[in-house]
Amino acid sequence: MGTNLTFQYDRESDILYINTCPPYPEQESEELDDEIIARFNPETGEIENIEVLFFSTRLLRKELFQLPISARLHLYENIKAAEG
Numbered sequence: 383m384g385t386n387l388t389f390q391y392d393r394e395s396d397i398l399y400i401n402t403c404p405p406y407p408e409q410e411s412e413e414l415d416d417e418i419i420a421r422f423n424p425e426t427g428e429i430e431n432i433e434v435l436f437f438s439t440r441l442l443r444k445e446l447f448q449l450p451i452s453a454r455l456h457l458y459e460n461i462k463a464a465e466g
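Counting from 383, one number per residue, gives the positions in the sequence shown under the working numbering.
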């Protein structure tokens, strides 16, 4: 089953939220890198949410911006076609 990524930027807090589902209290949290927080599914250990703190500051730096995670990205339509 495919999961859409949603991106939400909170300008006031300067946080970028990357979500596969809404955050919920049972999720476990871990700081992956300086000011990058991941929220994990407590049963599967999969990352469901990422919070990038001070996002605009990171974009203004001249260095490459990377998240310390690996990902396999697919178009959601291609996944649905393969399943159906």
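Note that beta-carbon positions come from the ideal geometry of N, C-alpha and C, so glycine has one too. Just so we're clear, the structure is a prediction, and the values are computed from it rather than from any experiment.
Would you mind reading off the limits of the beta strand (DSSP E) that contains residue 388? The count along the sequence shown starts at 1 and reaches residue 388 at position 6. 388-392 is the extent of the beta strand (DSSP E) around residue 388.
In chain order, each alpha helix (DSSP H) run of at least 4 residues that lies wholly inside the stretch 411-463: 437-442
Report the rounded CA-to-CA distance for residue 437 versus residue 455, giving the unit in angstroms. For this step, residue 437 is matched to residue 55 along the sequence shown. For this step, residue 455 is matched to residue 73 along the sequence shown. Answer to the nearest angstrom: the Cα atoms are 22 Å apart.
Opening and closing residue of the beta strand (DSSP E) in which residue 406 lies: As a position in the sequence shown, residue 406 is number 24, starting the count at 1. Looking at the DSSP string, residue 406 is not in any beta strand (DSSP E), and its letter there is neither H nor E.
Among 405, 417, 457, 425, which one has its Cα closest to the Cα of residue 439? As a working note, residue 439 is residue 57 in the sequence shown. Measuring from the Cα of residue 439, the nearest candidate turns out to be 417.
By Cβ distance below 6 Å, which residues in the same chain neighbour residue 412 in space, the five residues on each side in sequence not counted? Here residue 412 corresponds to residue number 30 of the sequence shown, with the count starting at 1. Here the set comprises 420.
Measure the CB-CB distance between residue 391 and residue 398 and report whether it falls below 8 Å. Mapped onto the sequence shown, residue 391 falls at position 9. Mapped onto the sequence shown, residue 398 falls at position 16. Cβ distance < 8 Å, so residue 391 and residue 398 count as in contact.
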